[in-house]
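Residue numbers for the sequence shown, in my numbering: 9 to 398.
Built from N, CA and C at the ideal position, the CB exists for glycine as well.
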Amino acid sequence: MTHKRNLIIGMLASLISIVILPSNAVAHHGITGQFDLEQVLRVKGVVNRVRFVNPHAYVYFKVKNDQGDEEQWRCELRSGSLLKRKGWSVDMFAIGSTIEIFGSPDRRDPKTVYTETITFENGTVVARYQALDDSGNVILGERELKREDGTPNLAGNWSEPVRDGPPPRDPTPRSEGPPPELSLTIDGSPQRIEILPPVGIQGVPGIGSGRPRPPLYAPTEIGHAEASKYSGEDNPRFNCEPTNILFDYAFDQMMNKIEQTGSTIVITYGFMDLLRTIHLIGDFPENIEPNVAGYSVGKWEGDTLVVHTKGFKPGFLQAPRGARAGVRHGNQMVITERFNMSEDGMELKREYTVVDPVYLAEPYSGSNSSLYTTEKFIPYECEELKDETQ
Numbered sequence: 009m010t011h012k013r014n015l016i017i018g019m020l021a022s023l024i025s026i027v028i029l030p031s032n033a034v035a036h037h038g039i040t041g042q043f044d045l046e047q048v049l050r051v052k053g054v055v056n057r058v059r060f061v062n063p064h065a066y067v068y069f070k071v072k073n074d075q076g077d078e079e080q081w082r083c084e085l086r087s088g089s090l091l092k093r094k095g096w097s098v099d100m101f102a103i104g105s106t107i108e109i110f111g112s113p114d115r116r117d118p119k120t121v122y123t124e125t126i127t128f129e130n131g132t133v134v135a136r137y138q139a140l141d142d143s144g145n146v147i148l149g150e151r152e153l154k155r156e157d158g159t160p161n162l163a164g165n166w167s168e169p170v171r172d173g174p175p176p177r178d179p180t181p182r183s184e185g186p187p188p189e190l191s192l193t194i195d196g197s198p199q200r201i202e203i204l205p206p207v208g209i210q211g212v213p214g215i216g217s218g219r220p221r222p223p224l225y226a227p228t229e230i231g232h233a234e235a236s237k238y239s240g241e242d243n244p245r246f247n248c249e250p251t252n253i254l255f256d257y258a259f260d261q262m263m264n265k266i267e268q269t270g271s272t273i274v275i276t277y278g279f280m281d282l283l284r285t286i287h288l289i290g291d292f293p294e295n296i297e298p299n300v301a302g303y304s305v306g307k308w309e310g311d312t313l314v315v316h317t318k319g320f321k322p323g324f325l326q327a328p329r330g331a332r333a334g335v336r337h338g339n340q341m342v343i344t345e346r347f348n349m350s351e352d353g354m355e356l357k358r359e360y361t362v363v364d365p366v367y368l369a370e371p372y373s374g375s376n377s378s379l380y381t382t383e384k385f386i387p388y389e390c391e392e393l394k395d396e397t398q
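Shown next as C-alpha cells:
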C-alpha cells in the first residue's frame with residue numbers, strides 16, 4: 009500500500025514538473041515578467057553605449073523628446089554569447105549612429121525596449137533571430153524559424169516570386185514585372201516557383217504558364233449596377249491611395265515588410281506604404297473607425313496564422329485601368345486570411361476568402377505566395393505624375 013501511494017505521488021510530481029517547465033523556460037528570457045508584449049512601440053535615437061554581456065545584451069541610445077530634451081533609452085537583445093555566435097558584433101552599433109527600434113516596452117522602465125527589429129542608418133533591417141555574415145549582412149536561410157514563445161517567426165521582408173511569362177510584344181515591352189537584376193536566391197538568380205491556378209478559373213499549373221488571371225467575382229445585382237458606373241478615374245492608385253489589403257499585398261511584385269511581437273504583427277506593404285496591424289491579443293473593439301486596412305485580429309492555430317479583418321470603409325476589390333468594370337465592396341465586408349510558412353522558412357503562403365453580403369453573391373477566394381529575401385525594404389513614396397505634362 010505504501011509502495012503504491014509513493015508511486016502515485018511520484019507520478020503526480022512528474023506531471024506537475026512537466027506543466028511548470030514551459031513557464032520557467034519562457035521566464036528565463038525575461039519576457040513574461042519584464043516586458044509587456046501586449047504593447048508595441050517604435051523609437052529612434054543615437055547610439056552612445058553598447059554592452060554585449062550575458063544573460064542579455066543592451067544597446068543604449070539618446071532620444072529627443074517632444075520638448076527637445078535628450079533622454080537615455082536602451083534596447084534589450086539576446087545574450088552576448090549567442091549574438092556573437094550568430095555573427096552580431098559591437099561594431100554594428102557605431103557610437104553616434106542612428107538606429108530605430110521596433111519592439112515592446114518594459115513594464116517598469118518605459119525607456120527600456122524588448123527588441124524585435126533594428127533599422128540601421130543605411131536602411132538595413134535586422135530582426136532579433138537573424139544570423140549575420142562577416143560583413144554584417146543577413147544570411148539567407150539561417151534565421152531561427154521559431155520565436156521564443158514557440159510561434160513561427162514571420163519577421164522579415166517578403167517578395168512576390170518572379171513568374172515566367174510570354175515574351176514581350178514588339179515594339180512595346182511589358183510595362184510590369186521586376187527588374188532583371190532582382191535577386192531572391194543565394195546565388196543571385198531569380199527564383200521561380202510552381203504557381204497553381206487560383207480558385208474559379210481553368211488553367212494549367214506549372215512553371216512557364218505565365219501569371220494566372222485572378223479568380224472571377226460573383227457580384228450581386230447591386231454589385232453589377234455599381235460596376236457599370238465605374239470609370240478609370242475612380243482608380244485609387246491614380247490618387248496615390250491604396251486599394252485594399254488583398255490587391256496591394258501582391259501588386260507589381262513589391263516587397264512587404266513584416267514585424268512581429270508576441271501581441272501584434274505589423275505588415276508594411278511595399279505598394280502605397282499601406283500599414284496593417286494584426287492584433288494577436290483580444291477581440292474586435294465595439295467601435296471601429298472604418299479605413300482601407302480595416303481592423304485585424306489574428307490567432308495561431310498550430311503553425312497557421314488565421315486573421316479575420318472587418319471595419320473597412322467602402323472601396324474597391326478590383327479597380328482596373330481604362331473602361332473595364334470595377335468591383336466594389338462595402339463596409340460589411342469581412343476578410344479571412346490564413347498564413348503558412350514553409351518548413352524551410354523561405355516561402356509564405358496566404359489563402360484568403362472575402363464575404364460581402366451587399367456586393368458579392370458568393371464568397372471570393374484566392375491565394376498567393378511570397379519568398380523570403382534579405383534585400384532592403386524601400387518605402388513606396390507614391391508621386392503620381394499623370395497630370396503633370398511639363
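DSSP, read as helix, strand or coil, puts glycine 131 in coil. Per DSSP, asparagine 56 has no beta bridge partner at all. If the five residues before and after aspartate 281 are omitted, its C-beta is found closer than 6 Å to the C-beta atoms of Pro387, Tyr388, all from its own chain and listed in chain order.
The beta carbon of valine 300 lies closer than 6 Å to those of Pro250 in the same chain, with the five residues before and after it left out.
Rounded to whole angstroms, methionine 263 and glutamate 383 show a C-alpha spacing of 9 Å. Counting other Cβ atoms within 10 Å of its Cβ, valine 133 reaches 16 or more and is therefore classed as buried. Taking 8 Å as the cut-off, the beta carbon of phenylalanine 43 is found no closer than this to the beta carbon of arginine 136. With fewer than 16 other CB atoms across the displayed protein chains lying within 10 angstroms of its CB, serine 143 is exposed. If you check the CB distance, valine 71 and valine 51 come in under 8 Å.
Boundaries of the alpha helix (DSSP H) around leucine 90: 88-93. In the structure shown, the three-state DSSP call for arginine 245 is helix.
Within the region 248-294, the complete alpha helix (DSSP H) segments at least 4 residues long are 255-258, listed from N- to C-terminus. Cβ neighbours of glutamate 152 within its own chain (closer than 7 Å, five residues either side excluded): Tyr137, Asn161. Here the alpha carbon of tyrosine 367 sits roughly 27 Å from the alpha carbon of leucine 313. The shortest C-alpha to C-alpha distance from phenylalanine 385 to any of Pro298, Glu124, Asn130, Trp81 is the one to Asn130.
In the DSSP secondary-structure assignment, leucine 313 is bridged to Trp308, Phe347.
One thing to note: valine 58 has its Cβ no nearer than 8 Å to the Cβ of glutamate 84. A distance below 6 Å between beta-carbons, with the five flanking residues on each side excluded, links leucine 356 to the following residues of its chain, in chain order: Trp166, Met349, Ser378.
In the structure shown, glycine 323 falls within a strand segment according to DSSP collapsed to helix, strand and coil. Shown here for isoleucine 289: same chain residues with a beta carbon closer than 7 Å to its own, the five before and five after excluded, namely Glu46, Ser271 in chain order. Counting the other Cβ atoms within 10 Å of the Cβ of alanine 233 gives fewer than 16, which makes it exposed.
The secondary-structure analysis by DSSP pairs glutamate 355 across a beta bridge with Leu379. With respect to the 8 Å criterion, alanine 65 and threonine 125 are not classified as neighbours on the basis of their beta carbons. If you look at isoleucine 230, you'll find it isn't in any beta strand (DSSP E); it sits in the alpha helix (DSSP H) that goes 229-235.
Here glycine 111 carries a strand assignment [DSSP, helix/strand/coil]. In the structure shown, glycine 104 adopts coil according to DSSP, grouped into three states.
The beta carbons of tyrosine 277 and tyrosine 257 sit closer together than 8 Å. When the five nearest sequence neighbours on each side are left out, the beta carbons in the same chain lying within less than 8 Å of the beta carbon of serine 236 are those of Ala333, in order along the chain. Taken through DSSP and simplified to helix, strand or coil, glycine 338 comes out as coil.
In the DSSP assignment, threonine 361 forms a beta bridge with Thr344, Ser373. Note on isoleucine 266: 16 or more other CB atoms within 10 angstroms of its CB, so buried under the neighbour-count rule. In the structure shown, glycine 41 adopts helical secondary structure according to DSSP, grouped into three states. Selection Phe320, Thr228, Ile296, Ser304 evaluated against asparagine 252 yields Phe320 as nearest (Cα-Cα).
In this structure, DSSP gives glycine 144 a state outside helix and strand, which the three-state scheme calls coil. Leaving aside the five residues that flank asparagine 62 on each side, the residues in its chain whose CB is nearer than 8 Å to its CB run, in chain order, Ser87, Gly88, Ser89.
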